[in-house]
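Residue numbers 7 to 179, in my numbering, belong to the letters of the sequence shown in order.
Every residue gets a Cβ at the ideal spot worked out from N, C-alpha and C, and that includes glycine.
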Amino acid sequence: MSIDAALRPSQPTPTLRIARSFDDIVGCLSVRLVVFVGEQEVPLDEEVDAYDADATHYCCVLDGHVVGTARLVLLERGWGKIGRVAVLRPYRRRGIATALMRRILDHEASALSLVTLDAQVTAIGFYERFGFVAEDDVFMDAGIPHRRMVLKRRQEDGAPEGAPCGSNVGKLL
Numbered sequence: 007m008s009i010d011a012a013l014r015p016s017q018p019t020p021t022l023r024i025a026r027s028f029d030d031i032v033g034c035l036s037v038r039l040v041v042f043v044g045e046q047e048v049p050l051d052e053e054v055d056a057y058d059a060d061a062t063h064y065c066c067v068l069d070g071h072v073v074g075t076a077r078l079v080l081l082e083r084g085w086g087k088i089g090r091v092a093v094l095r096p097y098r099r100r101g102i103a104t105a106l107m108r109r110i111l112d113h114e115a116s117a118l119s120l121v122t123l124d125a126q127v128t129a130i131g132f133y134e135r136f137g138f139v140a141e142d143d144v145f146m147d148a149g150i151p152h153r154r155m156v157l158k159r160r161q162e163d164g165a166p167e168g169a170p171c172g173s174n175v176g177k178l179l
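Pasting the structure below:
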């Protein structure tokens with residue numbers, strides 16, 4: 007390493023955690039408001055919903071500020087739904103959304119028999135990297151085209167690996 011490189015100030019390290027404090031929850035909601043309501047013009051009453059109270063919210067904190075968020079809603083039958091994945095514009099393309107997804111899938115969602123999400127059509131490729139597969143037709147949510155996606159997992163009941171974890175499950179969510 008050169009002396010110049012050694013003398014450069016280091017970049018702050020992002021912290022990934024479950025949002026438990028008031029400040030973290032407010033930070034998560036702030037990121038969502040900026041990204042979904044501000045940038046994508048989602049109506050506020052559609053962005054904040056009844057699932058927020060019971061969801062597990064995740065945040066990526068950088069230099070004391072929440073810069074990315076996602077949530078996991080636990081549903082009946084050991085199912086879960088990931089949503090509200092958002093990163094502030096200046097922090098995109100730095101792996102924050104990837105880190106949030108890995109955190110959810112490797113920890114809390116790892117024991118779930120089914121994990122779904124409703125992906126904006128432009129983000130389908132991102133979620134496919136984690137094993138999600140698009141199902142059903144495109145539908146509009148808050149004026150934005152989406153597709154339901156399901157994480158294909160190894161089945162405990164002897165179904166082959168990669169077999170869908172449920173048929174038409176999206177209609178129940």
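- By the Cβ neighbour-count rule, T122 is buried, with 16 or more other Cβ atoms within 10 Å of its own.
- Within the segment 46-118, the runs of alpha helix (DSSP H) at least 4 residues long that lie entirely inside it are, in chain order, 50-53 and 102-112.
- Its Cα nearest to that of V67, the residue I24 stands out among I24, A59 and F42.
- Per DSSP, reduced to three states, the secondary structure at R38 is helical.
- Here Y133 has A125 and M155 as same chain residues with Cβ atoms under 6 Å from its own Cβ, once five neighbours each way along the sequence are excluded.
- Assignment of beta-bridge partners to P151 by DSSP yields M146.
- Cβ neighbours of P151 within its own chain (closer than 6 Å, five residues either side excluded): V127 and V144.
- Excluding five sequence positions before and after P49, the CB atoms of its chain that fall closer than 7 Å to its own CB belong to A148, given in chain order.
- One thing to note: G89 has its Cβ within 8 Å of the Cβ of V79.
- With respect to S36, W85 sits apart: the two C-beta atoms are not nearer than 8 Å.
- Between E52 and L39, the CB-CB gap reaches or exceeds 8 Å.
- If you compare the alpha carbons of H71, F42 and R77 with that of A59, the shortest gap goes to R77.
- If you draw a 10 Å sphere on the C-beta of T75, you find 16 or more other C-beta atoms in it, and that means buried.
- DSSP places V121 in the uninterrupted beta strand (DSSP E) bounded by L120 to Q126.
- V32 is not a Cβ neighbour of A92, given a cutoff of 8 Å.
- Under DSSP, F138 shares a beta bridge with L157.
- Within the DSSP bridge table, the entry for I24 names Y64 as partners.
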